[in-house]
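Protein sequences appear in the order of chains G and D.
Number 295 in the working numbering belongs to position 281 of the first sequence; there are no gaps in the numbering.
Number 175 in the working numbering belongs to position 161 of the second sequence; there are no gaps in the numbering.
The next block holds one structure in the form of structure tokens; read it before the comments.
Protein chains: 2
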Amino acid sequence: MLIKVGLIGAGTVGSGVIDIYLKNKDVIKEKCGTDIKLSIVCDKNISKIEYLKDFNIEITDNFKDVLNKNVDIVVELIGGITVAKEIITSALEKRKHVVTANKYLLAEYGEYIFKLAQDKNACIGFEASVGGGIPIIKALKQGLVANNILNIEGILNGTVNFILSKMEENKTFEEALKIAQNLGYAEKEPDFDINGIDSAHKIIILTALAYGKWIKMDNVLVQGISDILPLDIQIANELGYKIKLIAKSKKEDGKLGVRVCPTMVPKSNILSSISNAYNAILVEGDFVGPTLYYGLGAGKNPTASAVWSDICYIAQKLYSGAGKLYDFNNFNSNIPVKHKYDFESEFYIRILAEDKVGVLYQISRIFADYNISIKMVFQKDIKMENSLVPILIFTHEANYQNVIQASQEINNFDFVKGKVFVCPVE
Amino acid sequence: MLIKVGLIGAGTVGSGVIDIYLKNKDVIKEKCGTDIKLSIVCDKNISKIEYLKDFNIEITDNFKDVLNKNVDIVVELIGGITVAKEIITSALEKRKHVVTANKYLLAEYGEYIFKLAQDKNACIGFEASVGGGIPIIKALKQGLVANNILNIEGILNGTVNFILSKMEENKTFEEALKIAQNLGYAEKEPDFDINGIDSAHKIIILTALAYGKWIKMDNVLVQGISDILPLDIQIANELGYKIKLIAKSKKEDGKLGVRVCPTMVPKSNILSSISNAYNAILVEGDFVGPTLYYGLGAGKNPTASAVWSDICYIAQKLYSGAGKLYDFNNFNSNIPVKHKYDFESEFYIRILAEDKVGVLYQISRIFADYNISIKMVFQKDIKMENSLVPILIFTHEANYQNVIQASQEINNFDFVKGKVFVCPVE
Numbered sequence: 015m016l017i018k019v020g021l022i023g024a025g026t027v028g029s030g031v032i033d034i035y036l037k038n039k040d041v042i043k044e045k046c047g048t049d050i051k052l053s054i055v056c057d058k059n060i061s062k063i064e065y066l067k068d069f070n071i072e073i074t075d076n077f078k079d080v081l082n083k084n085v086d087i088v089v090e091l092i093g094g095i096t097v098a099k100e101i102i103t104s105a106l107e108k109r110k111h112v113v114t115a116n117k118y119l120l121a122e123y124g125e126y127i128f129k130l131a132q133d134k135n136a137c138i139g140f141e142a143s144v145g146g147g148i149p150i151i152k153a154l155k156q157g158l159v160a161n162n163i164l165n166i167e168g169i170l171n172g173t174v175n176f177i178l179s180k181m182e183e184n185k186t187f188e189e190a191l192k193i194a195q196n197l198g199y200a201e202k203e204p205d206f207d208i209n210g211i212d213s214a215h216k217i218i219i220l221t222a223l224a225y226g227k228w229i230k231m232d233n234v235l236v237q238g239i240s241d242i243l244p245l246d247i248q249i250a251n252e253l254g255y256k257i258k259l260i261a262k263s264k265k266e267d268g269k270l271g272v273r274v275c276p277t278m279v280p281k282s283n284i285l286s287s288i289s290n291a292y293n294a295i296l297v298e299g300d301f302v303g304p305t306l307y308y309g310l311g312a313g314k315n316p317t318a319s320a321v322w323s324d325i326c327y328i329a330q331k332l333y334s335g336a337g338k339l340y341d342f343n344n345f346n347s348n349i350p351v352k353h354k355y356d357f358e359s360e361f362y363i364r365i366l367a368e369d370k371v372g373v374l375y376q377i378s379r380i381f382a383d384y385n386i387s388i389k390m391v392f393q394k395d396i397k398m399e400n401s402l403v404p405i406l407i408f409t410h411e412a413n414y415q416n417v418i419q420a421s422q423e424i425n426n427f428d429f430v431k432g433k434v435f436v437c438p439v440e
Numbered sequence: 015m016l017i018k019v020g021l022i023g024a025g026t027v028g029s030g031v032i033d034i035y036l037k038n039k040d041v042i043k044e045k046c047g048t049d050i051k052l053s054i055v056c057d058k059n060i061s062k063i064e065y066l067k068d069f070n071i072e073i074t075d076n077f078k079d080v081l082n083k084n085v086d087i088v089v090e091l092i093g094g095i096t097v098a099k100e101i102i103t104s105a106l107e108k109r110k111h112v113v114t115a116n117k118y119l120l121a122e123y124g125e126y127i128f129k130l131a132q133d134k135n136a137c138i139g140f141e142a143s144v145g146g147g148i149p150i151i152k153a154l155k156q157g158l159v160a161n162n163i164l165n166i167e168g169i170l171n172g173t174v175n176f177i178l179s180k181m182e183e184n185k186t187f188e189e190a191l192k193i194a195q196n197l198g199y200a201e202k203e204p205d206f207d208i209n210g211i212d213s214a215h216k217i218i219i220l221t222a223l224a225y226g227k228w229i230k231m232d233n234v235l236v237q238g239i240s241d242i243l244p245l246d247i248q249i250a251n252e253l254g255y256k257i258k259l260i261a262k263s264k265k266e267d268g269k270l271g272v273r274v275c276p277t278m279v280p281k282s283n284i285l286s287s288i289s290n291a292y293n294a295i296l297v298e299g300d301f302v303g304p305t306l307y308y309g310l311g312a313g314k315n316p317t318a319s320a321v322w323s324d325i326c327y328i329a330q331k332l333y334s335g336a337g338k339l340y341d342f343n344n345f346n347s348n349i350p351v352k353h354k355y356d357f358e359s360e361f362y363i364r365i366l367a368e369d370k371v372g373v374l375y376q377i378s379r380i381f382a383d384y385n386i387s388i389k390m391v392f393q394k395d396i397k398m399e400n401s402l403v404p405i406l407i408f409t410h411e412a413n414y415q416n417v418i419q420a421s422q423e424i425n426n427f428d429f430v431k432g433k434v435f436v437c438p439v440e
């Protein structure tokens, strides 16, 4: 049986998918047991894929050629939510199976797309949408299927983690970003990464799998890393923590809370040891306990490896002669979702203030007003720009909503400059 | 569609399988999409499972009752290689699907059993045989399917890792073993664990999946942990290492080398941070790069979680209407296997000797004879029992065969007491 694949998008990940095909076609056949052929590749820049003709692969710059061709599986790797959505829905309408790495599209339209796939008895592979080459989707769908998932906590963006690792070497955010861009770890317009939006898309997908509910972006607290100062990283380090951009999805009191924000992670937590462009996802189930999945979370080859794992999975289903091809998913959970500000944690709060008498008194009053109990407060003996001094506060467990409101009031003081920085301490 | 399951063996893992069924039956149905019923349970000690009658589950103390009953899936959890082999082969002969946690049986008879399953078009689930609840089997079979696997390196035995963690707290091996036994982490007869045999069974299974070849136990270097002294752990720590029982399976120069032995792992390697009863497996593929899987490697609930992941996987296959049910595996690789002593590494060698002149001279001569270049040698300023002094040697890269022969010659010196301890340094 020959399974035919059409690829749309030969950018970074797409070219990795082609490379794997050209290099490991035999490995794939040996492990998968069925013949898979990359029949057609589409890219806007057709000259880039001209060489594929030598390998008996058809090329085109019109994605409709792929959809109209007799392929079993359409691989969408163009990203974004306009054309990609058209491609995926058209493919499913034609009862073709789909493989995609498009976390943005799934986070926005996952509910609709999976419903359509179910109606059309088609399969959607999306292993590459979260965690690059790490097989986290299959771990959640299959490996931990018998568990109530209690908590998911992960470092889901390699670019951000690379920048934070560089900041541990005393670089500013801007310097670290530049290094990441020079090394190709960060795109020229890295907003989705550094603002936490990419991580939010990914945790929405994991949440749907783990708890059976597609939640809206509005329900996710999203805070990026651009406000972190080297000072914060240094304080964290001195007190036994690292600052990581943690995406978290937790069931608590029968409700779901989902957030992405810089978080102080104790060095005893394995997530603190994940550095550079690596991703790691900690998943806790009621029977399996804590499990962790780690690997390169982005980049051409690891992500292409995940794309191929989906292609093979679907190919094996087809080869098995299965009638029901849609991969069962239950997204009908009625678990309530918490307001994104509604969670308790200890917090780290950094305030840059003018160095004058009474500052701490006035700040403390605000915290008291909001019922926030302070565990530790200290002034670091360093002068910042404009002779500002950093006031560093660690709270006892407090409500995030209160902490944010208190921070806003503190921001209004004349003697406070810049934005108050807040992050949970785990 | 109702999938019926028969369980043979209600010991530690088996009772976990029952617990998951009774507690998470609804979760499983929601995530799996099909009804699964635990129809019959067999245990020698039938009084232990008497209570299952209240849940409409048949009980028996004769495993043949399970095989003769109209079940789709037989779960074998009695362990060992005699009755368990009879159960599994009989089940396959009857074209029933099999789920097992029996690493010993698979390591010994895997080739035969998978061949039989293929002939009978039946599925074998064995996720629980390696890494407890960690979905490492599915990661290798599916997640990394498009990769040439280059290296597998893991901590595969929770009992051993627990003992080594305790030894880091300055306990002797015997004291640490006793603690493990008191806490239920080690069995009363823990030989398979501490001698490395259990880890060897597991790395044989991973090797078969990764490289397509079932290798014989004779081809695996197996060294346990009972010769490790607190001194070795302390030296490792001072020099930036931890001693872990590492199971390793590596493709090098087109050949396969497989070994289980105490290994000095640098603290920068994530495996060094895996402590207590946890397992972790590092798998490196040519496209995906390094990936790591971590979790509780043993115990009732995590292992039972893995058993259920297999039951669900097979249930979904049956539900899909697939005709080909055997899960494709290719175990026909003709990759040559290295002799188990044939590998190069740096080594740590600890010799306990009488404190007299010329000792180091005579030892050095042996190393020179065997072409082993010494990187560092020192005497730790502590007196052992019988006034012996430890001579600690770190070599440059050397051949294991040579190191072992040199050690044997050194063992023959009158002034050397006890056994020379050798372990690779990574």
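For every residue, glycine included, the Cβ atom is placed at its ideal position computed from N, Cα and C.
### Message
Which of the three DSSP states is assigned to G:S305 in this structure?
### Response
Your numbering for residue 305 of chain G matches position 291 in the first sequence. Reading off the sequence, residue 305 of chain G comes out as Thr, not Ser. Here G:T305 sits in strand by DSSP.
### DSSP-derived helix/strand/coil call for D:P316
As a working note, residue 316 of chain D is residue 302 in the second sequence. Shown here, D:P316 sits in a helix according to DSSP, grouped into three states.
### Segment limits, alpha helix (DSSP H) that includes G:Y384
On the first sequence, position 370 is the one that residue 384 of chain G refers to. That residue, G:Y384, is in no alpha helix (DSSP H); it is neither H nor E in DSSP.
### Task
Check distances from the C-beta atoms of the segment 300-327 of chain D to those of chain G and list, in chain order, the residues that come in under 7 Å.
Residues F301, V302, G303, P304, T305, L306, Y307, Y308, G309, L310, N315, P316, A318, S319, W322, S323, C326 and Y327.
### Query
Would DSSP call D:L81 helix, strand or coil?
Counting from one through the second sequence, the residue named residue 81 of chain D turns up at place 67. DSSP places D:L81 in helix when its eight states are reduced to three.
### Query
According to DSSP, what are the bridge partners of D:V88?
On the second sequence, position 74 is the one that residue 88 of chain D refers to. The bridge partners DSSP lists for D:V88 are D:G20 and D:V112.
### Query
From D:F526 to D:S286, what does the alpha carbon distance come to, in whole angstroms?
Since the first residue of chain D shown is 15 and the last is 440, residue 526 of chain D is not available in this structure.
### Task
Check the DSSP bridge columns for G:P350 and list the partner residues they point to.
Residue mapping note: residue 350 of chain G aligns to position 336 of the first sequence, counting from 1. Within the DSSP bridge table, the entry for G:P350 names no partner.
### Message
So the candidates are D:D356, D:L120 and D:E360; which of them puts its Cα closest to the Cα of D:Q415?
### Response
The count along the second sequence starts at 1 and reaches residue 415 of chain D at position 401. Answer by Cα proximity: D:D356.
### Query
Using Cβ-Cβ distances below 7 Å, what residues of the segment 38-53 of chain G are close to chain D?
The segment 38-53 of chain G vs chain D, Cβ under 7 Å: N38, V41, I42, E44, K45, C46 and G47.
### Message
Starting from D:Y362, trace the beta strand (DSSP E) in both directions and tell me its first and last residue.
### Response
Your numbering for residue 362 of chain D matches position 348 in the second sequence. Where D:Y362 is concerned, the enclosing beta strand (DSSP E) stretches over E358 to A367.
### Message
So for G:I208, helix, strand or coil by DSSP?
### Response
In the first sequence, counting from the first residue as 1, residue 208 of chain G sits at position 194. Three-state result, G:I208: helix.
### Query
Shorter than 7 Å from the beta carbon of D:P276 to some beta carbon of chain G?
For the purposes of this step, residue 276 of chain D is identified with residue 262 of the second sequence, where counting begins at 1. False, the Cβ-Cβ gap to chain G never drops below 7 Å.
### Query
Quick one: is D:F342 near chain G, going by C-beta distance under 7 Å?
As a position in the second sequence, residue 342 of chain D is number 328, starting the count at 1. So yes, D:F342 belongs to the interface.
### Task
Give every residue of the same chain whose Cβ lies closer than 6 Å to the Cβ of G:E411, excluding the five residues on either side of it in the sequence, and list them in chain order.
Against the first sequence, residue 411 of chain G aligns to sequence position 397. Cβ contact annotation for G:E411 (same chain, cutoff 6 Å, sequence separation greater than five): E358 and E360, in chain order.
### Query
With C-beta atoms as the reference, is D:I217 less than 7 Å away from D:V351?
As a position in the second sequence, residue 217 of chain D is number 203, starting the count at 1. As a position in the second sequence, residue 351 of chain D is number 337, starting the count at 1. Taking 7 Å as the cut-off, the beta carbon of D:I217 is found no closer than this to the beta carbon of D:V351.
### Extent of the continuous beta strand (DSSP E) to which G:N293 belongs
Sequence index remark: in the first sequence, residue 293 of chain G carries index 279 (1-based). Element bounds for G:N293: Y292 to G299.
#### Entry: Element boundaries [alpha helix (DSSP H), containing G:D40]
Your numbering for residue 40 of chain G matches position 26 in the first sequence. Where G:D40 is concerned, the enclosing alpha helix (DSSP H) stretches over T26 to C46.
### Query
For chain D, is any of its Cβ atoms less than 7 Å away from the one on G:Q156?
Counting from one through the first sequence, the residue named residue 156 of chain G turns up at place 142. For G:Q156, the answer is yes, since a Cβ of chain D falls inside 7 Å of its Cβ.
#### Entry: Three-way DSSP call (helix, strand, coil) for G:M231 in this model
For this step, residue 231 of chain G is matched to residue 217 along the first sequence. Three-state DSSP puts G:M231 in a helix.
### Task
Closer than 7 Å by beta-carbon distance: list the chain G residues that pair up with D:G335, in chain order.
Stepping through the second sequence from its first residue, residue 335 of chain D is reached at position 321. In chain order, A336, G337 and K338 make up the part of chain G whose C-beta sits under 7 Å from the C-beta of D:G335.
### Task
Measuring alpha carbon to alpha carbon, tell me which of D:A294, D:I169, D:C326 and D:G254 ends up nearest D:P276.
Walking along the second sequence from the start, residue 276 of chain D turns up at place 262. For the residues D:A294, D:I169, D:C326 and D:G254, the minimum Cα distance to D:P276 belongs to D:I169.
### Residue range of the unbroken alpha helix (DSSP H) whose run includes G:E189
Here residue 189 of chain G refers to the residue found at position 175 when the first sequence is read from its first residue. Start and end: F187 to N196.
### Query
Is the beta carbon of D:E298 less than 7 Å from the beta carbon of D:N165?
Numbered from 1 along the second sequence, position 284 holds the residue referred to as residue 298 of chain D. Numbered from 1 along the second sequence, position 151 holds the residue referred to as residue 165 of chain D. Yes; because the gap between Cβ atoms is below 7 Å, this pair is in contact.
### Task
Could you check which residue in D:I388, D:L366 and D:Y35 has the C-alpha nearest to that of D:V10?
Residue coverage of chain D in this structure runs from 15 to 440, which leaves residue 10 of chain D outside it and unanswerable.
### Query
Are the segment 111-130 of chain D and the segment 310-327 of chain D in contact at 8 Å, needing three or more beta carbon pairs?
Flag = yes, the segment 111-130 of chain D and the segment 310-327 of chain D touch.
### Query
Quick one: which chain D residues come within Cβ less than 9 Å of G:I284?
As a working mapping, residue 284 of chain G is identified with position 270 in the first sequence. The contacting residues are I284, S287, I288 and Y308.
### Message
Going by DSSP, what residue range makes up the beta strand (DSSP E) through D:F342?
### Response
Mapped onto the second sequence, residue 342 of chain D falls at position 328. Premise fails: D:F342 is in no beta strand (DSSP E) and is neither H nor E.
### Query
For the alpha helix (DSSP H) that contains D:A131, what are its first and last residues?
Mapped onto the second sequence, residue 131 of chain D falls at position 117. Start and end: K117 to D133.
### Query
Using the rule of at least 16 other Cβ atoms within 10 Å of the residue's Cβ for burial, across every protein chain shown, is D:S213 buried or exposed?
The residue labelled residue 213 of chain D in the question sits at position 199 within the second sequence. Buried, because 16 or more other Cβ atoms sit within 10 Å of the Cβ of D:S213.
### Task
Could you tell me whether any Cβ in chain G is nearer than 7 Å to the Cβ of D:V159?
Sequence index remark: in the second sequence, residue 159 of chain D carries index 145 (1-based). Yes, its Cβ sits closer than 7 Å to a Cβ of chain G.
### Query
Which residues does DSSP pair with G:F427 in a beta bridge?
Stepping through the first sequence from its first residue, residue 427 of chain G is reached at position 413. As computed with DSSP, G:F427 is found in no beta bridge at all.
### Bounding residues of the alpha helix (DSSP H) (the contiguous stretch that carries G:I177)
As a position in the first sequence, residue 177 of chain G is number 163, starting the count at 1. Looking at the DSSP string, the run of the alpha helix (DSSP H) that includes G:I177 is G172 to M181.
### Task
Anything in chain D within Cβ reach of G:A24, meaning under 7 Å, just list it in chain order.
For the purposes of this step, residue 24 of chain G is taken as the residue at position 10 of the first sequence. Per Cβ cutoff of 7 Å: no residues; G:A24 is ~16 Å from chain D at best.
### Message
I'd like to know if D:I349 contacts chain G, where contact means its C-beta is closer than 7 Å to some C-beta of that chain.
### Response
On the second sequence, residue 349 of chain D is found 335 positions in, with the first residue counted as 1. Not one chain G Cβ lies under 7 Å of D:I349.
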